[in-house]
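Worksheet: the structure to be examined is printed underneath.
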Amino acid sequence: MTQHHLHSSPETCHWGFFEAALKPVLTIASGDEVIVDTISGGPDMLPDRSKFHVPPEMLEVHARNERMLPGHILTGPIAVEGAEPGDVLAVEILDVQLRQDWGWNLIKPLSGTLPDDFHETRILNIPLDRTRMVGRMPWGLDLPLKPFFGVMGVSPPPSWGRISSLVPRAMGGNLDNKELGASATLYLPVFVPGAMFSCGDGHGVQGDGEVCVTAIETALQGRFRLTLRKDLRFDYPRAETPTHYMTMAMDPDLDQCAVRALRDMIILLGELRGLSREDAYTLCSLAADLRVTQTVNGSKGIHCMIEKAIVHG
1 MTQHHLHSSP
11 ETCHWGFFEA
21 ALKPVLTIAS
31 GDEVIVDTIS
41 GGPDMLPDRS
51 KFHVPPEMLE
61 VHARNERMLP
71 GHILTGPIAV
81 EGAEPGDVLA
91 VEILDVQLRQ
101 DWGWNLIKPL
111 SGTLPDDFHE
121 TRILNIPLDR
131 TRMVGRMPWG
141 LDLPLKPFFG
151 VMGVSPPPSW
161 GRISSLVPRA
171 MGGNLDNKEL
181 GASATLYLPV
191 FVPGAMFSCG
201 DGHGVQGDGE
211 VCVTAIETAL
221 QGRFRLTLRK
231 DLRFDYPRAE
241 TPTHYMTMAM
251 DPDLDQCAVR
261 ALRDMIILLG
271 ELRGLSREDA
281 YTLCSLAADL
291 RVTQTVNGSK
301 GIHCMIEKAI
311 VHG
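For what it's worth, the UniProt record's numbering labels the leading residue of the sequence shown as 1, then goes sequentially.
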């Protein structure tokens, strides 16, 4: 196992999109660890640089990188040797750390879960205390931080062309799932040779729903282990935490999200325990939780979670 460090820079970042035609900025072997630096936000989100630390490469990316509006600044893609379409990439999230002492939050008219209720743009720069791991809100609240990456994904099928990073899809992307912090594992279906993993959209903390469109957006450093799983076959993201199994679904209709996430959980329970569809459906009704991931990314999200202790009890 080799450990790599991928720094964010104009050469290693792509802004606002996923695309199969992107060339890898790093190639690793399956099972290698990668430390990935990310940045978040355009020039409008920058705080007073005399008061806060702004990663210097952020200004270079703003000045030099092609930008697909709107969208996220993503670091990658990282190619995994031997990955082929039909495989699954296991993304173990080993650690997530803050890279700066501030984050930002945006309310934008015609966006979010209440698009008609707020008529003025508001940008907040929120101080982050990396020692105490809290964000200082303007009304005096010290909000505990729980950092995770809002965007983790592989390259989409070539036939999709260039797609916005805003809408989560089968290749992952803007999942905005707060359960995917340190110690979780995300499983992504592979659509192109090398898988081509990218990440970004760092969040200091987020509630389920992410209702005003943004969390505390900030620069993060993640440590990942990327492992090729040729023994798995599925076409939509799954995940697990130390305590839970998780299926996910994205669609403009939350009802359809619930249907897809539940169907995938029934399949997963059949794989894990050999349960019939009827028994798995019953167990989901008794012990699984359907949670709203986010309601603001064009395609909304539902994740279905069940405790491992129940599955294997």
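Beta carbons are placed, not taken as given, at the ideal position from N, Cα and C, and that holds for glycine. Since the structure is predicted, the reported quantities are computational estimates derived from the model, not experimental observations.
The Cβ atoms of Leu-94 and Phe-149 do not sit closer than 8 angstroms to each other.
Around the beta carbon of Arg-64, a 10 Å sphere encloses fewer than 16 other beta carbons of the protein chains shown; the residue is thus reported as exposed. The region 201-261 contains, as complete beta strand (DSSP E) runs of 3+ residues, the segments 220-229, 238-240 and 244-251 (chain order). Pairing Arg-233 with Met-305, the inter-Cα distance amounts to about 20 angstroms.
Between Leu-268 and the set Leu-254, Pro-252, Met-248 and Asp-253, the nearest pair of CA atoms involves Met-248.
The residues Gln-100 and Asp-101, in chain order, have a CB closer than 7 angstroms to that of His-53 in the same chain once the five nearest residues on each side in sequence are set aside. Rounded to whole angstroms, Val-61 and Arg-238 show a C-alpha spacing of 32 angstroms. In chain order, Val-61, Asn-65, Ile-73, Leu-74 and Thr-75 place their CB closer than 7 angstroms to the CB of Cys-13, counting only its own chain and leaving out the 5 sequence neighbours on each side. In the structure shown, the three-state DSSP call for Lys-23 is coil. Separation of Pro-144 and Glu-307 (C-alpha to C-alpha, rounded to the nearest whole angstrom) is 25 angstroms. Per DSSP, reduced to three states, the secondary structure at Glu-60 is helical. Residue Glu-19 holds the alpha-carbon nearest to the alpha-carbon of Trp-160 among Glu-19, Gln-3, Val-311 and Ser-8.
The beta carbon of Met-133 is closer than 6 angstroms to those of Leu-145 in its chain, skipping five residues each way along the sequence. Within the region 280-310, complete beta strand (DSSP E) segments of at least 3 residues are found at 289-294 and 300-307, given in chain order. In the same chain as Ala-29, and ignoring 5 residues on each side of it, the C-beta atoms closer than 6 angstroms to its own belong to Glu-81, in chain order. Under the 8 angstroms Cβ criterion, the region 251-268 does not count as touching the region 204-211, having fewer than three qualifying pairs.
In this structure, the alpha-carbon of Ser-155 lies about 34 angstroms from that of Ser-276.
Using a 10 angstroms sphere on the CB of Gln-294, the tally of other CB atoms reaches 16 or more, which defines it as buried. Inclusion of Gly-204 and Leu-128 in the CB contact set at 8 angstroms is warranted, their separation being smaller than that value. A direct Cα-Cα distance of roughly 48 angstroms separates Cys-284 from Pro-56. In the three-state scheme derived from DSSP, where H, G and I count as helix and E and B as strand, Pro-43 is classed as helix. Boundaries of the beta strand (DSSP E) around Asn-105: 102-107. Counting only the Cα atoms, Met-246 lies some 13 angstroms from Gly-181.
Secondary structure remark: continuous beta strand (DSSP E) runs of at least 3 residues inside the region 105-182, in chain order: 122-129, 134-136, 142-144, 148-153 and 172-174.
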